[in-house]
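S.K.: Taken in sequence, the protein lines are chains A, B and C. Residues in the first sequence are numbered consecutively from 21, following my numbering. Residues in the second sequence are numbered consecutively from 21, following my numbering. Residues in the third sequence are numbered consecutively from 21, following my numbering. Take a look at the following structure, please.
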Amino acid sequence: DGTNAAGDLSDGLNTFFLLFSGALVFLMQAGFAMLCAGSVRQKNVKNIMLKNLLDACGGAIGFYTIGYAFAYADNASDSKTFIGNKNFLLLSFDGSGGEWIGWFFQFAFAATAATIVAGTVAERCKMQAYLCYSVFLTGFVYPVVVHSIWSGDGWITAFRDDPWQGVGVVDFAGSGVVHMTGGATALVAAIILGPRKGRFYDEDGNPLETPVSFPAHSVALQILGTFILWFGWFGFNPGSALAIDNSVSAETAALCAVTTTLAAACGCVTSMFTDTMIEKSATGEVSYDLTAAMNGALGGLVAITAGCSVVTPWAACIIGIIGGWVYLGFSKFLIKMKIDDAVDAIPVHFANGMWGVLAVGFFADPDLMAIAGYNDFPGVFYGGSGELLLCNFVSIVWICAWVFFLMTPFFVILNVMGMFRVDPLEEEVGLDISHHRGPGYDMAGAKKEDVEELME
Amino acid sequence: DGTNAAGDLSDGLNTFFLLFSGALVFLMQAGFAMLCAGSVRQKNVKNIMLKNLLDACGGAIGFYTIGYAFAYADNASDSKTFIGNKNFLLLSFDGSGGEWIGWFFQFAFAATAATIVAGTVAERCKMQAYLCYSVFLTGFVYPVVVHSIWSGDGWITAFRDDPWQGVGVVDFAGSGVVHMTGGATALVAAIILGPRKGRFYDEDGNPLETPVSFPAHSVALQILGTFILWFGWFGFNPGSALAIDNSVSAETAALCAVTTTLAAACGCVTSMFTDTMIEKSATGEVSYDLTAAMNGALGGLVAITAGCSVVTPWAACIIGIIGGWVYLGFSKFLIKMKIDDAVDAIPVHFANGMWGVLAVGFFADPDLMAIAGYNDFPGVFYGGSGELLLCNFVSIVWICAWVFFLMTPFFVILNVMGMFRVDPLEEEVGLDISHHRGPGYDMAGAKKEDVEELME
Amino acid sequence: DGTNAAGDLSDGLNTFFLLFSGALVFLMQAGFAMLCAGSVRQKNVKNIMLKNLLDACGGAIGFYTIGYAFAYADNASDSKTFIGNKNFLLLSFDGSGGEWIGWFFQFAFAATAATIVAGTVAERCKMQAYLCYSVFLTGFVYPVVVHSIWSGDGWITAFRDDPWQGVGVVDFAGSGVVHMTGGATALVAAIILGPRKGRFYDEDGNPLETPVSFPAHSVALQILGTFILWFGWFGFNPGSALAIDNSVSAETAALCAVTTTLAAACGCVTSMFTDTMIEKSATGEVSYDLTAAMNGALGGLVAITAGCSVVTPWAACIIGIIGGWVYLGFSKFLIKMKIDDAVDAIPVHFANGMWGVLAVGFFADPDLMAIAGYNDFPGVFYGGSGELLLCNFVSIVWICAWVFFLMTPFFVILNVMGMFRVDPLEEEVGLDISHHRGPGYDMAGAKKEDVEELME
């Protein structure tokens, strides 16, 4: 009868929705690969792309074997837990309740967290180190963060009857859970790994007066990657509604599409024009920088990820505008600190991840909170007395502490054992020739004498 | 109960459908970026891609602030209006009735209209001019066209009880509304801006005997762009059914997927082989031209866009075949007129947009018209007495008149003020170095001495 | 009322699901184009991409006119038939029952089968030959295979009341039907066409001691293609559930997403590390090969395609691991046999297609078989007595025999008539200059003197 059919239709519709969303999030791997490949020098393009591909694969294997179990296993007693502990290898899945598709969707997020790091440490990180940390990240570090915020058993989650402070952490699609976790790992790695040769120091180790910018080898790949990432975000954010079989979820997902678009657009425009003005005041020349534009868009996307379902379009614009500034400012701060991020992933993902999580505490609309399935606590700008801001602030501290606490000794040990950074000569030659059997391009065309012979 | 659940499911399903479709249309921005980037010379690749990225952003901001209000606001009195006038900044949206997702879907179309122009004026148009006209286009020019044809208040719309001529304009997914509007703007811009240096005239301004073709810098990017655009069209055309919660809409969307595929395929094959025959008769050599093939496919896609839901598959094939010829013919006509279109966007979007709108007047099947939600007026080939052809012809005249009337003085003024065209030396050097801080590629590989040292 | 609405919703949901899935499969054309383009030498990049584009077009036209009729037309009498014989040009479609969208989805598969061949014969195959065989393949060879296995009238299909051996062939998404058919054609073509000049033999026709590897011209395009293909597979495999309006289909589609992901990941990792170990034992150097990684992933994807809906996640991992080895082994076998496959499509699609079909006979879980709509026969590892393995083995023999029987004389005749292989000088110069009016790239930047003038 009609009711049964509707239940069946619900299952189908929600499964399809997560298949669509997960596939788009998966495609972000291609976006990261193109963005990173375009951003590095030609001699390291194979290396970075192989890392991006292995991320997806390692993420799948790590999240299948242990990651999902650590992240999502709920206990029966309804008490809070630090980490899940069943469903390893998905062995107790029976296919009901959207289990398969839930894993697929969450795997795509885990792979995203891992791949964020790849760009930052590009051009100098050993393959072995990369494999070690990406498995560690997707298999353990990231799942514990997920468990705390997105699982019903988590200690600061919003998804239980008695959330901390009455509301819990509101990080809808993961500005903190995904982007800060990846970005904080990238920050630790960049500090311990040190800058690329010739970026901040000369051959003798003396600091350069002006840092050397290494030009991106292909801006076409960068822009392609940016567009693919933006496209993928329409799975990342609306998909985090997790269901679309009812009017309320539909409204949530639809709002996410709008706020995601506006934050990206405002971040892009703000970052580019601010950069133009800064450069003009320094050099007197008007110029428009692609890197500022595209990373501004990505910064806006990261920043709106936490609040995409609980803020209005105008608030999304403000979040995006500030996101553009956060990107620019943090990027310059890293250079000042001589921390070398080959693709500016730390300003985009870590800094804007923090900003996005905080922004919820200011801009959350209580009506939209209720529609998105949270308790209807208002942000500070809507008269809230700060419980939400506190929760979200604590989640920032928690993610930073957890990542720094685990990853710092991890990378230090790798470094001490000589497993982290490639040999200086290999770095000079580039990783493609030294580790991957030859350069990534061979643009040699037809031989001139053959062409002449043909023309005769 | 079952009925309620079905209502909820409808909301969810339709929202999801427009999220999917809008996301695919958004990805067309990447398609245009790759197609345009591949088509221009290496020295202008950053410039064109930045324009494509800013299109998406400017389109979002323009359509959010004013464009959507101008395009879609219906008045309560049911009278015809020239332009909408409420819902600025989406302030009166309450999220019901698919409002959020409707905006998202329509924004993606607006951004498409703007980006069509970018390619035509590539390699010589100032950034400032581009920003001005793209905001003007998405914020005002395009929304008025949309209002007239797709809003229930429009003066020639099909979507009211008493449409003009009993049927109104049938432009299902926008061969006219989107592609002609963008293409007509491109035509005006190309005429006023003038050809690129060295294309039709020598250094002294004397016409060349044979126009110089500037080679595309990367055919790989062109083909990638073409495929992404074709893929995006499966959102553009089927998505224009706007709903998929019932058998009739489902049939409409499904038919659109079939006709879209066939028109593209026929356009591609026709254009390429016709070009091969023309060249063979001129030079005696058999060769196959990628540009003819890919623009033939795109021409077929533009041509089927108006009628995709109301013509049969065989008619779609004919529309595509003629679309291939329309592309080739108009492309040669522009060269004869010394109008320089850097990516052939005018033949693809303007000429085939016109052909597509006209074709509906000939090929519309009355049964399919009824299924697609129009009055069941037949095209001329189905015994129609021409009301539909008249309506659609009038829409062509209207779009051309409106665009030419507004954009001609707009571009003339920009030109007179020296804000339209870059300096000749900047054009010679290329816009990447002169406006964007350096070339788009750095293909330098490892240093030879380092490689030798490593090999030892 | 509720029941009617649910019926309508089912139509809409299933149509949408196949629109989504078909569009993703269509995008695989872009994936193949990028993968192939990246894999060939720079002088043949236009040629291979034009072939990929024409595949999509020829596939559409061939499958519209005759292919779909041959593949799917059911007779009324319920007897087995060798080939379908109605619905040419889709003329008797009335749009009900998902006919339009069914054609769209199946067309995308047919185009995939054809495009598999393009890469193998790249860099030396004439355009005319390519056009002939791709129409022959999509219009006749492939549809007959489809009819035998996926149509209810087929002689070894699982989809009738009395399937052969009580179960029929289980090839859920087409490891055999699509990938083996394309791959077997590629094998025949490669043998008859012979290797590229300088690959296995010197100028005088004497075999070289070590085969010469021609370097891929752009590894960035290869990886982009790989990611797009993997993304497209989320339409290919889950979409083959064909419906998603009920819990059972939803579970099937969701499981497919999981198994597809895991097989790809395991194939990639296995292939790359095995290759690393082999090379290390030969050269003493540790290196990581992108080609091994990406083709391992693709091999895993092909291998899981037959059984994605009927095997558990752990079985998918094993299928992927073995898929990685099958790829590596068959690739080396082809080199030993001096059969030249420019993109390794034969090991990926033919060899892993066979492995995938066979694997179902071992790993099919009877419960999952029932859920996916098959008779609940178990694979050998689940206590089956081999009926399923026999059926699937027979389908391998049948596909090989049919393809070899038809394509061998076809290619031999083309070859004898001089229509198959390009002239040696044209091959040396590359097909872009000799057949497509010039090279695929023009990376020349700004003139040095102009830049200097600007800088003054």
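For glycine and all other residues, C-beta sits at the position ideal for the given N, C-alpha and C. None of the values given here were measured: they were computed from a predicted structure.
Report the partner residues of B/Pro163 according to the DSSP bridge assignment.
M.R.: Its beta-bridge partners do not exist; DSSP assigns none.
S.K.: Please state whether DSSP places A/Thr230 in a helix, a strand or coil.
M.R.: Three-state DSSP puts A/Thr230 in coil, outside helix and strand.
S.K.: Checking contacts by CB at 8 Å: is C/Lys106 closer than that to chain B?
M.R.: So, not an interface residue.
S.K.: Cβ closer than 7 Å: which chain A residues qualify as neighbours of B/Ala80?
M.R.: The answer, in chain order, is Thr281, Leu282, Ala285.
S.K.: Does the beta-carbon of C/Val417 have 16 or more other beta-carbons within 10 angstroms, so that it is buried, or is it exposed?
M.R.: Exposed, since its Cβ has fewer than 16 Cβ neighbours within 10 Å.
S.K.: Going by C-alpha distance, which of B/Leu451, B/Tyr461, B/Ile419 is nearest B/Val165?
M.R.: Nearest C-alpha to B/Val165: B/Ile419.
S.K.: For A/Tyr84, which three-state DSSP category applies?
M.R.: It is helical.
S.K.: Here's the rule: buried if 16 or more other CB atoms are within 10 angstroms of the residue's CB, otherwise exposed. What is A/Met492?
M.R.: Given a span of 21 to 476 for chain A in the structure shown, any question on residue 492 of chain A remains unanswerable.
S.K.: Along the alpha helix (DSSP H) that carries C/Ile2, what are the first and last residues, could you check?
M.R.: This structure leaves residue 2 of chain C out entirely; chain C is present only between 21 and 476.
S.K.: In chain C, what lies closer than 8 Å to A/Trp120 by C-beta?
M.R.: Chain C residues near A/Trp120: Glu271, Ala274, Leu275, Ala277, Val278.
S.K.: Strictly below 7 Å CB to CB, what residues from chain C border A/Thr35?
M.R.: Ile264, Ala270, Ala273, Ala274, listed in chain order.
S.K.: Helix, strand or coil for B/Gly122? Go by DSSP, reduced to three states.
M.R.: Correct three-state label for B/Gly122: helix.
S.K.: Candidates A/Gly159, A/Val322, A/Ile366, A/Gly51: which alpha carbon is nearest A/Ile211's?
M.R.: Ranking A/Gly159, A/Val322, A/Ile366, A/Gly51 by Cα distance to A/Ile211 puts A/Ile366 first.
S.K.: Taking 8 Å as the threshold (beta carbon to beta carbon), is A/Val161 in contact with chain B?
M.R.: No - not a single Cβ of chain B is within 8 Å of the one on A/Val161.
S.K.: DSSP puts C/Tyr92 in a beta bridge; with which residues?
M.R.: C/Tyr92 pairs with nothing; no bridge assigned.
S.K.: According to the neighbour-count rule (16 or more other Cβ atoms, all chains shown, within 10 Å of its Cβ), is B/Glu305 buried or exposed?
M.R.: Exposed: under 16 other Cβ atoms inside 10 Å.
S.K.: In terms of residue numbering, what span does the alpha helix (DSSP H) encompassing C/Leu318 cover?
M.R.: Segment 310-325, the alpha helix (DSSP H) holding C/Leu318.
S.K.: Using a Cβ-Cβ cut-off of 8 Å, state whether A/Thr23 counts as contacting chain B.
M.R.: The predicted model places A/Thr23 with a pLDDT of 49, which falls under 50 and marks its position as unreliable; any figure quoted below should be read in that light. Answer yes: the Cβ-Cβ gap between A/Thr23 and chain B drops below 8 Å somewhere.
S.K.: For C/Trp250, decide whether its Cβ has a neighbour in chain B, counting only Cβ atoms nearer than 8 Å.
M.R.: Taking Cβ atoms only, chain B never reaches closer than 8 Å to C/Trp250, which makes this a no.
S.K.: Would you please state the rounded distance, in angstroms, between the beta carbons of B/Met69 and A/Ile243? I believe it to be under 8 Å.
M.R.: With 8 Å as the limit, B/Met69 and A/Ile243 qualify as a contact, their Cβ atoms being about 4 Å apart.
S.K.: Can you find a CB in chain B that lies within less than 8 Å of the CB of A/Trp14?
M.R.: The structure shown does not extend to residue 14 of chain A, since chain A spans only 21 to 476, so no value can be given for it.
S.K.: Taking 8 Å as the cut-off, decide whether the C-beta atoms of A/Phe124 and C/Thr281 are in contact.
M.R.: Yes, these two residues count as a Cβ contact at 8 Å.
S.K.: On the DSSP letters alone, give me the boundaries of the alpha helix (DSSP H) that C/Pro429 sits inside.
M.R.: From DSSP, the alpha helix (DSSP H) with C/Pro429 extends over 407-436.
S.K.: Please classify B/Ala464 as buried or exposed, where buried requires at least 16 other C-beta atoms within 10 Å of its C-beta.
M.R.: Counting Cβ neighbours within 10 Å, B/Ala464 comes out exposed, since fewer than 16 surround it.
S.K.: Starting from B/Thr177, follow its DSSP beta bridges and name the residues at the other end.
M.R.: DSSP lists B/Val189 as partners of B/Thr177.
S.K.: Considering only their Cβ atoms, is the gap separating C/Thr325 from C/Gly287 smaller than 8 Å?
M.R.: No, these two residues do not count as a Cβ contact at 8 Å.
S.K.: Determine whether the beta carbon atoms of A/Ser415 and A/Val322 lie at a separation below 8 Å.
M.R.: Not a contact, by the Cβ cut-off of 8 Å.
S.K.: Below 8 Å on the Cβ atoms is my contact criterion, and I expect A/Val232 with A/Asn315 to pass it. Report the Cβ-Cβ distance as a whole number of Å.
M.R.: Between A/Asn315 and A/Val232 the Cβ distance is about 19 Å, and since that is not below 8 Å, they are no contact.
S.K.: Run the CB neighbour count on B/Leu444, radius 10 Å, all protein chains shown included, and call it buried at 16 or more, exposed below.
M.R.: What sits at residue 444 of chain B in the sequence shown is Pro, not Leu. Under this definition B/Pro444 is an exposed residue.
S.K.: What do you get for B/Thr246, buried or exposed, if any count of 16 or more other CB atoms within 10 angstroms of its CB means buried?
M.R.: When all chains shown are included, B/Thr246 counts as buried.
S.K.: In whole angstroms, give me the CA-to-CA distance for A/Thr485 and C/Thr290.
M.R.: Residue numbering for chain A in the displayed model covers 21 to 476; residue 485 of chain A lies beyond these limits and cannot be assessed.
S.K.: Name the residues in the region 443-473 of chain B whose C-beta lies less than 9 Å from a C-beta of chain A; which are they?
M.R.: Listed by position along the chain: Asp452, Ser454, His455, His456, Arg457, Gly458, Pro459, Gly460, Tyr461, Asp462, Met463, Ala464, Gly465, Ala466, Lys467, Asp470, Val471, Glu473.
S.K.: Among C/Gly399, C/Val442, C/Phe431, C/Leu310, which residue has its Cα nearest to the Cα of C/Leu241?
M.R.: With distances taken between Cα atoms, C/Leu241 lies closest to C/Leu310.
S.K.: Candidates B/Ala379, B/Val278, B/Gly218, B/Ile359: which alpha carbon is nearest C/Phe113's?
M.R.: Ranking the options by Cα distance to C/Phe113, first place goes to B/Val278.
S.K.: Out of A/Ala335, A/Leu213, A/Ile169, which has the shortest C-alpha to C-alpha gap to A/Val137?
M.R.: Considering only alpha carbons, the answer is A/Leu213.
S.K.: Which bits of chain C does A/Gly115 rub up against, with CB to CB less than 8 Å?
M.R.: Near A/Gly115 (Cβ distances below 8 Å), the residues of chain C are Glu271, Ala274, Leu275, Ile391.
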